[in-house]
Each structure stands twice: as structure tokens, then as C-alpha cells.
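Residue numbers (the working numbering), protein chains in the order written: chain A, 781 to 936; chain B, 991 to 1388.
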């Protein structure tokens, strides 16, 4: 659902001007803009958004499991531009089998723990991450608890 | 492991395990320190000891049931968590909360900010050897806890904010209690400042300790007083106002000290600003009016309506057995919790249970900057650095 107003969002427009393939889809819901970008391009796009568009602050990375749909995983990068007081959500979709994406720790150092958490709870791998280990669950834990096919009560 | 070059040759650093059971870690934080003598070469925080799977539990509950879980994330600021969750759900459904409820929410969350800062100040001071400040802070905190108890029935796990407004009509005379706190608090804050602000030991332990530049702070994603003490005037209440904060007159306090002392000054100034907001809220809150919005099928009908009308009874029954189904979509709602930017990401698939709830908790992100704060400094400063980040482990681990 791409409304007239969203298409005119200057950030989306600048992303399209930069690379016509950069934006796969734009979603507008309750006044929040979500830009879906191809997973193969994520690091390049993030570098452009952080350095050229001023989104220097990464608030959060939220994974969502859409099991049994494919592509199964979504990663939502919640970005903030402190100068323009503007928010943006970047979304990447990942396949269910061996979900892997480039790490953005080189762009926003704060992504380190967010990505570790996503790895721990969802089993998403981040290429180029300096220390991709479990953080909330014990090191020897099997499985990724926040996946939808993991029972709420756990395996007992 | 790194090796150290000394005059006598190469040496291995000493590895020291701090926590998870250590009084100055404010809960169950574990830090692995690599030391060269008393100098910290590397610090690595290990977390997860308090992980209770709140996000997973939320997916198995209806929206209203989740509210009780949010109290337990940051147990020093339960009402801020309630507010973040309720605002996210309200945004998802599209509910306009009555002004009266919004002002009461503002008043109570500002009281929460004061209690949370009081716990921070007390524990930070006791960590650094100032015992009496701790006792004073907890004395005042108790007075505010009594207001929570009077209003919601609970001292700590309040669950007082509900989707669409408040759980109950506040009891008569509650504003008199708030007024008493308002009258006493400025004097008490002066008291703390008298004990600490020009205290030579306090200054020696905090000034120039735990430095973080504005660039580092933004790169590490820290928020709240930590970010503002690095000179970045980012406060969600001003930048993305929620719950009618735009109608209140207050200042965003910043400091360019970039150290633990600067953070102390910012937090103390914030307490005074909160009192200012509470004073304005007292004037704004109308004595009568609805305390929650009306939306049949989503927000429970009044007790009277439930007992006298058949629709009211049906709605009451359905809301508490099945819940309600917001339209499919995702929202990200941010609020300024006492510790910084609390973000609630909520995804709905059109069913009565949230498909995914994620709490972007400020403590989790702020703790990540701990190695930056204490590496290269003395081991005694690690205590200051943990204290100054003001972490709540329940919030870090969720």
C-alpha cells in the first residue's frame, strides 16, 4: 500500500535517486514509514542512509518471525535522524533456511548487541560481526526461543 | 588474551570476575575484567541472568494481559513501561485517550522519574561511600510509593495504565498527597545537593570518570541522561511529544561535562524539572471527566453500563475472555523513560494476541557502552561507571 504522500517522502526519494534498486517497497501505517530494502544490499544502503541522509542514531533492530511464510524473517532497523527529528524504519526480509545478512556494526557500533540478541533469540547470522555469541540465553542452549516454532513453555 | 609490555618483560593480564553477585552491580550483572595492576585493560559485560522471556510471553497473551508483564521489565519505573506499552497499543488500534487521563499519566510518570532517579542517586552514592544520601533518598521514595499504592493499590507492580486510559478512577484526595510531596521535594533535593555537589570525595570519585563524547554516545546509541550529559539535547518528551507533553513547559537539561559528575547534575536537574511538570499537571487535571476512552469491544464498559445493559455485559465478557483484535500492522512507539528512550515495537496479525512485541530498553543499550566508559581507568572506577549508567538488570535481560 503506497500512498501518494509516502511516495513523496524526501528520504525515499533520495534513496531512489541514489539507486533505483535500493527500495523494494514503501509501507505507510499510522504515520510511520517503512522502507523495505533488498537483503543483499543492506550494508551499502545503511552506509548511504547513515552518512548521506543523516540517520546517525540506530535505536533498535527488531527481528520478526513470519513462520510459516517465506521469506520467513524480517529485520526492522529503527533509525533516528537527530538533526531533522525524523524516524525511519528499514526492513530486510530473510529466507527461513540459514538466515544470513551483513552486519551493520561498522556503520552503527550500537548494532553489536542488537545483532547478538537477534542471533541468540532468532538464529539470524550476521556476516562480519565481531563477536556473534549468545547473550541472553546460556552458551550451551539449543534452539532459538523467540522463533514461532519454539513452544512458549519450552522443551521440557 | 592480550599481553602487556612492561619494563620487566611481557606479562599476562589478570582476569577478574566481577559479579553476578556483587552489590555494586545493581542486580545480576557480571563483568569480566582484564587488569594490568589496578588498570582496567578490557571490560566485558555478561548479561542474561535475569532473562525471563517477557517478549515471548507477550505473544501468548492478549493485549490487556501483557500490561502486568511490562511492570516487571523495569521494576524501578513500572508506570513508564505501562505507558510505553499502552501508547503502542493505542497507536496500533487508533484510540484517542481523554485529556484527563493523559494528564494523570503525565503526572504519575513524572513521579516515577523522580522515584527512579532517587534510587539511582541513593545507590550511586552508597557505592561511592556516601551512606546518608541513600537513607534520605529511600525515605522520600517511600512517600511517592504511598501515592502509587493509594492510586492503584500497589506499591511497585502498579499496572495502573490500561489501553485507552487508566484502570480506575483515582481515589478522592490523591492530589493532596501529591501536593505534600511537591511541597517537600524541592527542600529534599537541596539537601542531597548540599551533601554531594561540592563534596570533595564525591567530586574526586565522579569528575572526569566515565567520559563519553557526544559522537561516541550517538554511535553507541545511548539515550536519556547519559546522552544529555554528553551535550546532546535529545529528550523524547520534547522531540516526539506523547501524552500531551507538548502542552507542558519544561526544559531539557544537558551538560557538557561528559563525565559521571555531569550525569549527576543532569539527573538532579531533571528531578526539579519533573516537579515543574507535576505542578502544571495538577492545575490541568480536571476534577471530573472520563478516565478512559470509549470504544465498544476494545475498552471495557463502565461498571454501571456492564450491569445495566446487555451490550455492556457482552462487551465486558468478550473483552476479558477473547480480547480484541487490532488491525494488522506494525508500530514503534518511543517514550522517555527515566533511563532513556524506551521503544515498544508491536506487530499485529489481526488476532487478539500481539504477534510480536519488542521492548527496546534503554538499560540494554546503555550498558553496551560500559567498556568504553571504564577501559583504561582504575578498577575502583568501574563501580562509578556501572552506577552512572543507571542500569536495571530486569530491563537489560527482559
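We put the CB at the ideal spot given by N, CA and C, even for glycine.
In this structure residue 1159(B) is exposed. Its beta-carbon is surrounded by fewer than 16 other beta-carbon atoms within 10 angstroms.
Inter-segment contact for the region 909-918 of chain A and the region 929-936 of chain A is absent: fewer than three beta-carbon pairs are separated by less than 8 Å. Taken in chain order, the members of the region 857-871 of chain A whose beta-carbon sits within less than 7 Å of a beta-carbon on chain B are 858, 862, 865, 869. No Cβ of chain A is located within less than 7 Å of the beta carbon of residue 1195(B). Taking 8 Å as the cut-off between beta carbons, the residues of the region 1177-1210 of chain B near chain A are 1208, 1209, 1210, in sequence order.
An exposed status is given to residue 1177(B), since fewer than 16 other beta-carbon atoms sit within 10 Å of its beta-carbon. For residue 1372(B), the three-state secondary structure derived from DSSP is helix. Looking at the backbone, the Cα of residue 838(A) and that of residue 1277(B) are separated by about 42 Å. Distance check between residue 1056(B) and each of 1151(B), 1089(B), 1304(B) places 1151(B) closest, using alpha-carbon atoms only. In the DSSP annotation of this structure, the continuous segment of the alpha helix (DSSP H) that includes residue 1102(B) starts and ends at 1089-1117.
The beta carbon of residue 796(A) sits closer than 6 Å to the beta carbons of 803 from its chain, once the five residues preceding and following it are set aside; these are given in chain order.
Residues of chain B with a Cβ closer than 8 Å to the Cβ of residue 809(A) are, in chain order, 1319, 1320, 1321. Across the structure, residue 1314(B) and residue 1081(B) are spaced so that their CA atoms are roughly 14 Å apart. Put simply, the CB of residue 1358(B) is near chain A, with a gap under 7 Å to one of its CB atoms.
Taking a C-beta cut-off of 9 Å against chain B, none of the residues of the region 786-801 of chain A qualify. Counting only runs of 4 or more residues that sit fully inside the region 1199-1277 of chain B, the alpha helix (DSSP H) segments are 1204-1209, 1215-1218, 1226-1229, 1250-1274, in chain order. Burial check for residue 1004(B): the Cβ neighbour count within 10 Å stays below 16, so the residue is exposed. With respect to chain A, the C-beta atom of residue 1335(B) has a partner C-beta closer than 7 Å. Inclusion of residue 1108(B) and residue 1382(B) in the CB contact set at 7 Å is not warranted, their separation being larger than that value.
Residue 1122(B) counts as exposed, since fewer than 16 other C-beta atoms from the protein chains shown sit within 10 angstroms of its C-beta. Using a Cβ-Cβ cut-off of 7 Å, residue 1235(B) does not count as an interface residue toward chain A, since no Cβ of chain A sits closer than that to its own. Between residue 932(A) and chain B, the shortest Cβ-Cβ separation is below 7 Å.
For residue 1030(B), the uninterrupted beta strand (DSSP E) segment begins and ends at 1029-1036. For residue 1201(B), same chain residues with a beta-carbon under 6 Å away, outside a window of 5 residues either side, are 1248, 1249 in chain order. The three-state secondary structure of residue 817(A), taken from DSSP, is coil. The Cβ-Cβ distance between residue 1060(B) and residue 1072(B) falls below 7 Å. As DSSP reads the structure, residue 841(A) sits in a beta bridge with 857(A). Secondary structure note for residue 881(A): its beta strand (DSSP E) is the uninterrupted segment 880-882. Chain B places a beta carbon closer than 7 Å to that of residue 837(A), counting this residue as a contact. Taking each of 1298(B), 1372(B), 1317(B) in turn and checking the Cα distance to residue 1084(B), the smallest one comes out for 1317(B). With the criterion set as a beta carbon lying under 7 Å from some beta carbon of chain B, the members of the region 826-853 of chain A are 836, 837, 838, 839, 840, 842, 844, in sequence order.
The straight-line gap separating the alpha-carbon atoms of residue 1353(B) and residue 1367(B) is approximately 22 Å. Beta-bridge pairing by DSSP links residue 1337(B) to 1320(B), 1346(B). Within the DSSP bridge table, the entry for residue 1007(B) names 1022(B) as partners. Taking a Cβ-Cβ cut-off of 7 Å, residue 821(A) has no neighbours in chain B, whose nearest Cβ is about 22 Å from it.
Judged by DSSP secondary structure, residue 873(A) falls outside any alpha helix (DSSP H) and instead within the beta strand (DSSP E) spanning 866-874.
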